[in-house]
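Peer 1: Under the numbering used here, the sequence shown is numbered contiguously, ending at residue 1191. Each residue gets a CB set at the ideal place from its N, CA and C atoms; glycine is no exception.
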Amino acid sequence: MLIVAGKKSQISSTPPMRFRYAMVCSSNQNRSMEAHALLKRQGLDVASYGTGSHVKLPGPSLREPNVYDFGTPYKQMFDELRRKDPELYKRNGILQMIKRNLSVKLAPQRWQDNAGDGVFDVVMTFEEKVFDSVLEDLNNREQSLTKTILVMNLEVKDNHEEAAIGGRLALELCQEIEGNETWEDTIDDIVAGFEKQHRRKLVYSISFY
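1. Should the region 1015-1032 be called in touch with the region 1043-1051, which here means at least 3 C-beta pairs below 8 Å?
2. Find the nearest neighbour of N1012 within the set F1108, T1164, V1116, judged by alpha-carbon distance.
3. Skipping 5 residues on each side, what residues in its chain have a beta carbon closer than 6 Å to that of H1142?
4. Just curious, the alpha helix (DSSP H) that S1115 is in, first and last residue?
5. Per the DSSP calculation, Y1186 is bridged to which residue(s)?
6. Out of C1156, P1068, G1098, K1066, which has the shortest C-alpha to C-alpha gap to R1123?
7. What does the alpha-carbon distance come out to for the pair C1156 and A1089?
8. Give every residue of the same chain whose Cβ lies closer than 7 Å to the Cβ of H1180, excluding the five residues on either side of it in the sequence, and list them in chain order.
9. Where does L1044 land, buried or exposed, given buried means 16+ other C-beta within 10 angstroms?
10. Within the chosen definition, does the region 1025-1043 reach the region 1059-1071 through at least 3 CB pairs nearer than 8 Å?
11. Which residue's Cα is closest to the Cα of M1134: N1083, E1062, I1147, W1165?
12. So V1105 is in the beta strand (DSSP E); what residue range does that whole segment cover?
13. Cutting at 7 Å between CB atoms, please list the residues of its own chain near Y1191, excluding the five before and the five after it.
14. Please work out which residues of its chain come closer than 7 Å, Cβ to Cβ, to V1116, disregarding the five sequence neighbours upstream and downstream, and give them in chain order.
15. Specify the secondary structure class of D1099 as computed by DSSP and reduced to three states.
16. Near D1103, what residues of its chain come up, given a Cβ to Cβ distance below 6 Å and the 5 sequence neighbours on each side ignored?
17. So N1083 is in the alpha helix (DSSP H); what residue range does that whole segment cover?
18. May I ask you to report which of helix, strand or coil DSSP gives L1039?
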């Protein structure tokens, strides 16, 4: 409690977040956005990205995906797909997914273009090729800060059901990391405990800014 000019002023007891997190999948639509939404709801400092060249969403067939540029607002995608075939995109869950996304942020963002967003402490990917792309990009950047960054991969299939499970697991893992002063001294134990409890493989690497 702080007393200012004879008045009592309540100071918030909420501690600042220790780490910045980035959730990354291919198109910044499903897996990374499910995790982003959950972490954001729990008050963690989180952003999300995709590593693909374009944003791809299922279309009427495998050969006819809906392709967008990164930075295209989710609201624009929602309106276009609802206009094209509302029944199809409601039935396959795409409209509900995009509606969730636009409540979290404006548009999908590309990891390789995020240098202006500042540094992250922990990056969580949900597919091996995305994990590799993040590491390759970090290694190609000018590493002038000598700041460590933890990059982890939890393999999650790109469907709504698996994304929901993966999002909860990512939240649990990040909350475990957040509970430590530094992740460098505890990450091996955190990974071992996670794998034992959930019987899911975690791969991690350490890179630098």
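Peer 2: Result, derived from the coordinates:
1. Contact fails: fewer than three Cβ-Cβ distances are below 8 Å.
2. Along the sequence shown, read from residue 1 onward, the residue named residue 1012 stands at position 30. It is F1108 whose Cα lies nearest to the Cα of N1012.
3. For the purposes of this step, residue 1142 is taken as the residue at position 160 of the sequence shown. Contacts found: G1075.
4. Walking along the sequence shown from the start, residue 1115 turns up at place 133. Its alpha helix (DSSP H) spans residues 1110-1122.
5. Here residue 1186 corresponds to residue number 204 of the sequence shown, with the count starting at 1. Paired residues: M1134.
6. Taking the sequence shown and counting its residues from 1, the one referred to as residue 1123 is at position 141. With distances taken between Cα atoms, R1123 lies closest to G1098.
7. Against the sequence shown, residue 1156 aligns to sequence position 174. Against the sequence shown, residue 1089 aligns to sequence position 107. One Cα belongs to C1156, the other to A1089, and the distance between them is close to 23 Å.
8. Translated into positions along the sequence shown, residue 1180 becomes position 198. Excluding residues up to 5 positions away in sequence, L1151 lie with their Cβ nearer than 7 Å to the Cβ of H1180 in the same chain.
9. If you number the sequence shown from 1, residue 1044 lands on position 62. L1044 comes out exposed.
10. Remark: three or more beta-carbon pairs, one from each stretch, lie closer than 8 Å, so the region 1025-1043 and the region 1059-1071 are flagged as touching.
11. Along the sequence shown, one-based indexing puts residue 1134 at 152. Measuring from the Cα of M1134, the nearest candidate turns out to be W1165.
12. Position 123 of the sequence shown, counted from the start, is the residue given in the question as residue 1105. Its beta strand (DSSP E) spans residues 1104-1107.
13. The residue you call residue 1191 lines up with position 209 of the sequence shown. Once the five neighbours on either side are set aside, the close Cβ partners of Y1191 are V1101, Q1125, L1127, K1129, I1131.
14. As a working mapping, residue 1116 is identified with position 134 in the sequence shown. Once the five neighbours on either side are set aside, the close Cβ partners of V1116 are V1006, T1033, W1093, V1105, T1107, V1133.
15. Here the question's residue 1099 lines up with position 117 in the sequence shown. Reduced to three states, the DSSP call for D1099 is helix.
16. By one-based count along the sequence shown, residue 1103 stands at place 121. Only F1001, R1002 meet the Cβ criterion.
17. Start at 1 with the first residue of the sequence shown, and residue 1083 comes out as number 101. It spans 1076-1084 - the alpha helix (DSSP H) in which N1083 sits, taken as one unbroken run.
18. Walking along the sequence shown from the start, residue 1039 turns up at place 57. Three-state result, L1039: strand.
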